[in-house]
Amino acid sequence: EENDLPKDEL
Amino acid sequence: MNVFRLTGDLSHLAAIIILLLKIWKTRSCAGISGKSQILFAVVFTSRYLDLLTSFISLYNTSMKVIYIGCAYATLYFVYMKFKATYDGNHDTFRVEFLLVPVGGLSFLVNHDFSPLEILWTFSIYLESVAILPQLFMISKTGEAETITTHYLFFLGLYRALYLFNWIWRFYFEGFFDMIAIVAGLVQTILYCDFFYLYITKVLKGKKLSLPA
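Protein chains in written order, with my numbering: chain A, -4 to 5; chain B, 565 to 776.
Have a look at this one:
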């Protein structure tokens, strides 16, 4: 499934 | 951002700095697995390509640049500047046994079949097993320098704190990433044996020596 949240974690 | 993620990132940064300082001060990379350091450099390179495509925050960008810079500086120390002190005879873990399954899995189980997403997934899976050559090397030499155990402690602690960060984000933001969570659990579990030795030995002032 599309992972809508941006990759905001390191 | 929450306290677990911030302390996790700082713990990760501390581990990376401790390792660099250890090698620089002792002018030796004895006991350090160059293979694990290569895997970490691959993890950061494949995960932080988004430095070129998106800007999240100054903190996010600067930490990524610092991580990548320190990872390659460590490789430079291990394989070039202090190459003479690199203990290749004990750094014999077959990393292809990690890269092939992790590479295959990242194509099979991911959130989106796009290059950046597959590379991110690959970096997540690889990071969870990247410490194995280092732990394997310590089991072969039967001991580790105390400063190296501090490096490993903070490195293991960082992902354990991230597990709490994901609990926090699920509860307060409804955010969760199953791939990161499962890989983070595996990564943290791999450190349990070391954590036990670290707490029962190193914190009591003893040297970390495995029953050879």
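All C-beta atoms in this analysis are idealised placements derived from N, C-alpha and C, irrespective of residue type, glycine included.
Item, Value
"Enumerate in chain order the residues of its own chain whose CB-to-CB distance from B:Leu669 is below 7 Å, with the five nearest sequence positions on each side excluded.", "Tyr689"
"With 7 Å set as the bound, which would you pick, yes or no: does the beta-carbon of B:Met742 sit closer than that to a beta-carbon of chain A?", "no"
"Could you check how far apart the C-beta atoms of B:Phe646 and B:Ile587 are, in whole angstroms? I think they sit under 8 Å.", "6 Å"
"Rounded to whole angstroms, how far is the Cβ of B:Leu774 from the Cβ of B:Ser687, which I believe are closer than 8 Å?", "B:Leu774 to B:Ser687, Cβ: 29 Å. No contact."
"Answer yes or no: does any C-beta atom of chain A fall closer than 7 Å to that of B:Met644?", "no"
"In the DSSP assignment, what residue or residues form a beta bridge with B:Ser773?", "B:Glu707"
"For chain A, is any of its Cβ atoms less than 7 Å away from the one on B:Met627?", "yes"
"Considering B:Leu749, what are the terminal residues of the alpha helix (DSSP H) in which it resides?", "Met742 to Thr764"
"Which residues, in order along the region 577 to 595 of chain B, keep a beta-carbon less than 8 Å from a beta-carbon of chain A?", "none"
"Once DSSP output is grouped into helix, strand and coil, what is the label at B:Met565?", "coil"
"Between B:Asp655 and chain A, is the shortest Cβ-Cβ distance under 7 Å, so that the two count as touching?", "no"
"Say whether chain A places a C-beta atom closer than 7 Å to the C-beta of B:Val688.", "Per the sequence shown, residue 688 of chain B should be read as Ile rather than Val. For B:Ile688, the answer is no, since every Cβ of chain A falls outside 7 Å of its Cβ."
"First and last residue of the alpha helix (DSSP H) that includes B:Met627?", "Leu622 to Tyr640"
"To the nearest angstrom, how far is the alpha carbon of B:Val664 from that of B:Phe619?", "31 Å"
"Tell whether a beta-carbon distance below 7 Å holds between B:Val693 and B:Leu662.", "yes"
"Under 7 Å, Cβ to Cβ, is there at least one residue of chain A near B:Ile620?", "yes"
"Are the beta-carbon atoms of B:Ser600 and B:Pro697 separated by less than 7 Å?", "yes"
"Indicate the three-state DSSP secondary structure (helix, strand or coil) for A:Asn(-2) in the structure shown.", "With a pLDDT of 49 at A:Asn(-2), under the threshold of 50, the modelled position of this residue cannot be trusted; read the value that follows with caution. Here A:Asn(-2) sits in coil by DSSP."
"So which of B:Tyr612, B:Leu639, B:Asn624 and B:Asp655 has the shortest CA-CA distance to B:Gly706?", "B:Asp655"
"For the region 635 to 708 of chain B, which segments carrying the alpha helix (DSSP H) assignment without a break, of at least 4 residues, lie completely within its bounds, in sequence order?", "660 to 672, 679 to 693 and 696 to 705"
"How about B:Thr649 and B:Ser592: do their beta carbons lie closer than 7 Å?", "yes"
"Tell me which same chain residues have a C-beta within less than 7 Å of the C-beta of B:Ala776, skipping the five on either side of it?", "Here the model assigns B:Ala776 a pLDDT of 48, short of 50, so the residue's position is not dependable, and the following value carries that caveat. Same-chain partners within the cutoff: Gly706."
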